[in-house]
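Reviewing the structure listed below.
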Amino acid sequence: MYRFFRWYNQNRIQVLIVIAVAIICFVILQIVNSLVAENNAKQRNILSSQNTYVDKTTNPSPTNTSILTGEKIKDSQDTINKDLIEQFVEYCNNDQIQEAYDMLSDECKELLYPNINVFNQAYIKSIFYIDRMYSLQNWYIGTDIYTYYIKYTEDVLATGNVNSSENKGDYITIVNQDDKYYLNISSFIARQKENKTMSNNNVAITVNWIDMYMDYTTFNIKVKNNTEKTICLDTKEDTSSTYIYDYNQVKYTSFLNENPIEQLVIKKQQTSNLNIKFNKLYNQSRILKGISFQDIVLNYDEYMAKTEEKEKISINISI
């Protein structure tokens, strides 16, 4: 003990300086921590005003004005849309897969998620493997169709990571069917039923319906071959021979490379149903007027065997 007091007396100034520095560092650390906590609280308040966390105590606040057209949604419809999307995301976050699946339209299920297991694997597990917040932008407003861009984010209130690689985007559309609202997801917009038919030389083509996606458009058609020969809807020799067009006479070519030739060949007295994709983005200002087939071959077997020249016709169907 004597040695300690002797050492302390000899080094008293240095000891006091060390103690003072330690106290100052401790105070500074407390001040910094307080400032950081205050700044984090401010950031959370900012993020809270920009994003929506889906739980039982909060409500989403998507814009009610289309960012593309400036058109406004009626307040009553805006409330319906908010509630539907909030409910869907809440189901997904809570792993209530059946309830979320039941909110999808029949067409969305048919085209993208034919059963709940596909929906779970392809949508829930690819997006909702973490709890999601979301923000909305209204994109299009149509007759009983309301399309939003939805951005799924991490819980930024907890992480503050606004630009996370975990963020996901999608287009979600609310459709009214039989006075009940359903959702179309994964960029599927809506189905437009047509049932329009045109015939030429005993070949009849019917446009059953049009499926509109954000990035492309698909026509479901029925081809009835009432001739006594095998026909081909399109030989694929000219990529522009099958197209759709709008009222401005703008043409949109097909992706017939995605259809095997077997789908395009119809035997005599046979009927075939198929889907053809076109490179038309969804755009309400570009209204479709019709579809045109310019390379329908009436003697396909003979043409392929090179025993006859190509005998072709065209069919144009207004929609």
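Okay, so the sequence shown: first residue is 1049 according to our numbering, each after it adds one.
Heads up, the beta-carbon is just placed ideally off N, CA and C, and yes, glycines get one too.
One alpha carbon belongs to Arg1334, the other to Val1298, and they sit about 9 Å apart. In the three-state DSSP reduction, Gln1332 falls in the coil class, being neither helix nor strand. Rounded to whole angstroms, the Cβ separation of Gly1190 and Gln1332 is 6 Å, and the two are in contact under 8 Å. Its Cα nearest to that of Asn1112, the residue Thr1195 stands out among Met1181, Thr1195, Ser1289. Here Lys1228 is exposed, its C-beta having fewer than 16 other C-beta atoms within 10 Å.
Between the stretch 1260-1279 and the stretch 1310-1327, the count of C-beta pairs closer than 8 Å reaches three or more; the two stretches touch. Under the three-state reduction of DSSP output, Ser1153 falls in the coil class, being neither helix nor strand.
In the displayed model, Phe1176 falls within coil according to three-state DSSP, outside both helix and strand.
Approximately 17 Å separates the beta-carbon atoms of Ile1339 and Lys1360; this is outside 8 Å, ruling out the contact. Across the set Arg1180, Asp1179, Ser1153, the C-alpha of Ser1153 shows the shortest separation from the C-alpha of Phe1167. As for any beta strand (DSSP E) of minimum length 3 sitting wholly inside the stretch 1285-1358, the runs are 1290-1294, 1299-1301, 1319-1326, 1336-1345, ordered along the chain. Under the three-state reduction of DSSP output, Thr1283 falls in the coil class, being neither helix nor strand.
Per DSSP, the beta-bridge partners of Ile1198 are Leu1184, Asp1218. Sorting Glu1147, Ile1269, Lys1337 by C-alpha distance to the C-alpha of Val1251 places Ile1269 at the top. Comparing C-alpha distances from Phe1136 to each of Gln1169, Ile1193, Ile1198, Glu1158 shows the shortest one belongs to Ile1198. Cβ-Cβ distances below 8 Å link Gly1217 to Tyr1197, Ile1198, Lys1199, Tyr1200 in the same chain, with the five nearest sequence neighbours on each side left out; the list follows chain order. 9 Å or more divides the Cβ of Leu1336 from the Cβ of Ile1363. Here the alpha carbon of Trp1187 sits roughly 14 Å from the alpha carbon of Ala1238. In the three-state reduction of the DSSP assignment, Ser1235 falls in the coil class.
For Asn1268, the enclosing beta strand (DSSP E) stretches over residues 1265-1273.
Apart from the 5 residues on each side of it in sequence, Asn1248 sits with its Cβ closer than 6 Å to the Cβ of Ile1361, Ile1363 in its chain, given in chain order. By the neighbour-count criterion, in which a residue is buried when 16 or more other Cβ atoms sit within 10 angstroms of its Cβ, Ala1170 is exposed.
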